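Numbering (our numbering), first residue to last: 3 to 328. Read through the structure below, which is laid out as structure tokens, and then see the notes.
Okay, here's the thing in structure tokens:
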């Protein structure tokens with residue numbers, strides 16, 4: 003057996019090793035990887051307890067509701083009548099908006115997720131440099147997390163002055179008849195530049211507000227990974243004549259790549275859970291009309307699409323992830 007095959011076999015981690023991680027008195031239990039795994043489980047244990055206590059039963063009820071016709075009972079509560087997959091058939095074949103909005107929103111969220119990861123990584127690399135005012139700059143880039151937690155959305159929806167100014171801005175833009183983004187896009191199309199790439203690029207530009215607002219946590223995560231890289235690695239690379247560009251791809255990016263997967267999953271979930279996307283708007287419309295069965299089915303379809311998207315992203319990103327502490 004070659005050394006590479008021995009290393010691959012030693013790093014193999016299956017169901018048996020996962021169980022032995024929590025059973026004292028075996029060789030797997032005493033490894034660094036097992037110790038880190040136990041620390042990770044202890045870290046998320048409060049969430050697991052909260053999920054089992056408060057969310058497991060409602061989740062099961064929602065799943066069962068998707069196979070029933072649910073109506074409100076006169077004396078309170080609701081009455082369920084089993085109808086099989088009719089709610090799912092309604093979501094896919096009868097509802098005039100759900101499929102259309104799902105097809106439109108998934109690519110938009112995918113583009114925004116990729117743009118958020120790229121932007122947050124670039125900003126984290128910049129903020130990791132040594133310059134005056136670095137602490138203030140980090141605080142500024144973290145402000146979107148605080149604002150998007152409820153303060154700014156409340157201002158946007160409830161502040162009459164804000165709404166008035168937004169309306170005036172839109173009226174001015176419409177009356178001028180000039181849309182810089184659309185005009186530049188038309189100019190590039192006429193010049194023969196590939197339209198597909200620039201369509202995606204201009205979608206990112208138009209959604210720059212949402213992208214910046216969603217990048218705060220990712221910047222912090224990437225920044226923590228960058229600060230964990232030992233300066234001696236860059237010093238050794240500099241002695242060997244390695245350029246800054248080579249050091250970035252040989253040291254910085256591989257060392258931070260495990261956090262890329264974490265941020266990708268977080269970003270996808272964050273965009274899927276936003277209430278301002280059109281799929282959630284349609285689900286909320288049916289909820290207000292008390293169509294609980296249809297809402298439950300659409301929610302589970304939406305959840306399934308999100309899980310598929312997360313699974314595909316995990317498979318693709320995992321191929322480029324480098325682990326150094328297995």
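Glycine included, every Cβ here is placed at the ideal spot set by N, Cα and C. Here the structure is a predicted model, which means the values were calculated and not measured.
Alpha carbon to alpha carbon, how far is residue 93 from residue 307? In the chain shown, the residue the question calls residue 93 occupies position 91. In the chain shown, the residue the question calls residue 307 occupies position 305. In this structure, the alpha-carbon of residue 93 lies about 14 Å from that of residue 307.
Residues of its chain near residue 212, where Cβ-Cβ distance is below 7 Å and the 5 sequence neighbours each way are ignored: Translated into positions along the chain shown, residue 212 becomes position 210. Contacts found: 114.
Residue 84, enclosing beta strand (DSSP E) - first and last residue: Taking the chain shown and counting its residues from 1, one reaches residue 84 at position 82. Secondary structure note for residue 84: its beta strand (DSSP E) is the uninterrupted segment 80–84.
What does the alpha-carbon distance come out to for the pair residue 125 and residue 318? Position 123 of the chain shown, counted from the start, is the residue given in the question as residue 125. Position 316 of the chain shown, counted from the start, is the residue given in the question as residue 318. Their Cα atoms are separated by approximately 23 Å.
Status (buried if at least 16 other CB within 10 Å, exposed otherwise) for residue 80: The residue labelled residue 80 in the question sits at position 78 within the chain shown. By the neighbour-count rule (16 or more Cβ atoms within 10 Å), residue 80 is not buried but exposed.
Per-residue burial, residue 164 [other beta carbons within 10 Å of its own, 16 or more giving buried]: What you label residue 164 is simply residue 162 of the chain shown in a count that begins at 1. Confidence is the limiting factor: at residue 164 the pLDDT is only 48, short of 50, which leaves the residue's position unreliable and the question unanswerable from this model.
With a 10 Å radius around its C-beta and 16 neighbouring C-beta atoms as the bar for buried, classify residue 273 as buried or exposed. Taking the first residue of the chain shown as 1, we reach residue 273 at position 271. The residue in question, residue 273, is buried, as its Cβ has 16 or more Cβ neighbours within 10 Å.
Identify the continuous beta strand (DSSP E) that holds residue 70 and give its terminal residues. Counting from 1 along the chain shown, the entry for residue 70 is found at position 68. Looking at the DSSP string, the run of the beta strand (DSSP E) that includes residue 70 is 70–74.
Do the region 277–297 and the region 38–57 make contact, defined as three or more Cβ pairs closer than 8 Å? Three or more beta-carbon pairs separated by less than 8 Å are not found between the region 277–297 and the region 38–57, which leaves the two stretches without contact.
For the alpha helix (DSSP H) holding residue 300, just list the boundary residues, first then last. Start at 1 with the first residue of the chain shown, and residue 300 comes out as number 298. Per DSSP, residue 300 belongs to the alpha helix (DSSP H) from 294–320.
Please report the straight-line C-alpha distance between residue 34 and residue 221, rounded to a whole angstrom. Here residue 34 corresponds to residue number 32 of the chain shown, with the count starting at 1. Here residue 221 corresponds to residue number 219 of the chain shown, with the count starting at 1. Cα to Cα, the separation comes out at about 28 Å.
Taking buried to mean at least 16 other C-beta atoms within 10 Å of its own C-beta, is residue 324 buried or exposed? For the purposes of this step, residue 324 is taken as the residue at position 322 of the chain shown. By the neighbour-count rule (16 or more Cβ atoms within 10 Å), residue 324 is not buried but exposed.
Beta-carbon proximity list for residue 19, same chain, < 6 Å, skipping 5 on both sides: Taking the first residue of the chain shown as 1, we reach residue 19 at position 17. Close CB contacts of residue 19 within its chain, under the 6 Å cut and outside five residues either way in sequence, are with 30 (chain order).
Would you tell me roughly how many angstroms separate the C-alpha atoms of residue 175 and residue 261, rounded to the nearest one? Residue numbering aside, residue 175 sits at position 173 when the chain shown is read from its first letter. Residue numbering aside, residue 261 sits at position 259 when the chain shown is read from its first letter. Since pLDDT at residue 175 reaches only 49, below the 50 mark, its modelled position is unreliable, and no value is offered.
Using CA atoms only, rank isn't needed, just tell me which of 266, 297, 21 is closest to residue 313. If you number the chain shown from 1, residue 313 lands on position 311. Ranking 266, 297, 21 by CA distance to the CA of residue 313 puts 266 first.
Who are the Cβ neighbours of residue 298 in its own chain at under 6 Å, not counting the five residues just before and after it? If you number the chain shown from 1, residue 298 lands on position 296. So the qualifying residues of the chain are 64, 67, 68.
Among residues of its own chain, excluding the 5 on either side of residue 178, which ones have a beta-carbon nearer than 7 Å to its beta-carbon? Here residue 178 is taken as the residue at index 176 of the chain shown, counted from 1. For residue 178, the predicted model reports a pLDDT of 49, less than 50, meaning its position is unreliable; a value from the coordinates is still stated below. Cβ within range, chain order: n/a, list empty.
With a CB to CB cut of under 7 Å and the five nearest residues on each side skipped, what residues in its chain are close to residue 22? Taking the first residue of the chain shown as 1, we reach residue 22 at position 20. Cβ neighbours of residue 22 beyond the five flanking positions: 28, 30, 31.
I need the straight-line Cα distance from residue 232 to residue 99, nearest angstrom please. Start at 1 with the first residue of the chain shown, and residue 232 comes out as number 230. Start at 1 with the first residue of the chain shown, and residue 99 comes out as number 97. Roughly 52 Å between the two C-alpha positions.
Through-space distance from residue 96 to residue 85, alpha-carbon basis: On the chain shown, position 83 is the one that residue 85 refers to. On the chain shown, position 94 is the one that residue 96 refers to. Their Cα atoms are separated by approximately 16 Å.
For residue 236, name the three-state secondary structure that DSSP assigns. Residue mapping note: residue 236 aligns to position 234 of the chain shown, counting from 1. In the structure shown, residue 236 adopts helical secondary structure according to DSSP, grouped into three states.
Taking its Cβ as the centre, do 16 or more other Cβ atoms sit within 10 Å of residue 36, making it buried, or is it exposed? By 1-based counting over the chain shown, the position of residue 36 is 34. Classification for residue 36: buried.
Along the alpha helix (DSSP H) that carries residue 41, what are the first and last residues, could you check? The residue you call residue 41 lines up with position 39 of the chain shown. Its alpha helix (DSSP H) spans residues 34–52.
Buried or exposed: residue 275, going by 16 or more other Cβ atoms within 10 Å of its Cβ? One-based indexing of the chain shown puts residue 275 at position 273. By the neighbour-count rule (16 or more Cβ atoms within 10 Å), residue 275 is not buried but exposed.
Host alpha helix (DSSP H) of residue 291 (start-end): For the purposes of this step, residue 291 is taken as residue 289 along the chain shown, with counting starting at 1. If you look at residue 291, you'll find it isn't in any alpha helix (DSSP H); DSSP assigns it neither H nor E.
Pull up the distance between the alpha-carbon of residue 329 and that of residue 131, whole angstroms please. In the structure as shown, the chain starts at 3 and stops at 328, and residue 329 therefore has no counterpart that could be examined.
Using the Cα positions of residue 90 and residue 82, report the straight-line distance between them to the nearest angstrom. Here residue 90 refers to the residue found at position 88 when the chain shown is read from its first residue. Here residue 82 refers to the residue found at position 80 when the chain shown is read from its first residue. CA-to-CA, the gap between residue 90 and residue 82 works out to about 16 Å.
Suppose the cutoff is 8 Å on Cβ atoms and the five residues either side in sequence are ignored; what does the same chain contact list for residue 121 look like? Sequence index remark: in the chain shown, residue 121 carries index 119 (1-based). Closer than 8 Å at the Cβ level, and outside the excluded window around residue 121, lie 213, 214, 217.
Using the Cβ count rule (16 or more neighbours within 10 Å means buried), how would you classify residue 301? Indexing the chain shown from 1 puts residue 301 at position 299. Residue 301 is buried by the Cβ-count criterion.
CB-CB under 8 Å to residue 239, same chain, minus the five flanking residues each way: which ones, in chain order? As a first step, residue 239 must be located in the chain shown, where it is residue number 237. Within its own chain, the residues whose Cβ lies closer than 8 Å to the Cβ of residue 239, once the five positions on either side in sequence are excluded, are 248, 249, 252, 253, listed in chain order.
Within the continuous alpha helix (DSSP H) that includes residue 258, where are the two ends? Position 256 of the chain shown, counted from the start, is the residue given in the question as residue 258. Counted as a single uninterrupted DSSP element, the alpha helix (DSSP H) harbouring residue 258 occupies residues 255–275.
Go ahead and label residue 296 buried or exposed: buried means 16 or more other beta carbons lie within 10 angstroms of its beta carbon, across all protein chains shown. Locating residue 296 in the chain shown gives position 294, counting from the first residue. Classification for residue 296: buried.
Nearest-angstrom Cα separation, counted from residue 46 out to residue 294: For this step, residue 294 is matched to residue 292 along the chain shown. For this step, residue 46 is matched to residue 44 along the chain shown. Distance between residue 294 and residue 46, taken at the CA atoms: about 32 Å.
Please classify residue 106: is it buried, with 16 or more other beta-carbons within 10 angstroms of its beta-carbon, or exposed? Numbered from its first residue, the chain shown carries residue 106 at position 104. Exposed: under 16 other Cβ atoms inside 10 Å.
Between the alpha carbons of residue 123 and residue 140, how many angstroms are there, rounded? On the chain shown, position 121 is the one that residue 123 refers to. On the chain shown, position 138 is the one that residue 140 refers to. If you draw a straight line from the Cα of residue 123 to the Cα of residue 140, it is about 13 Å long.
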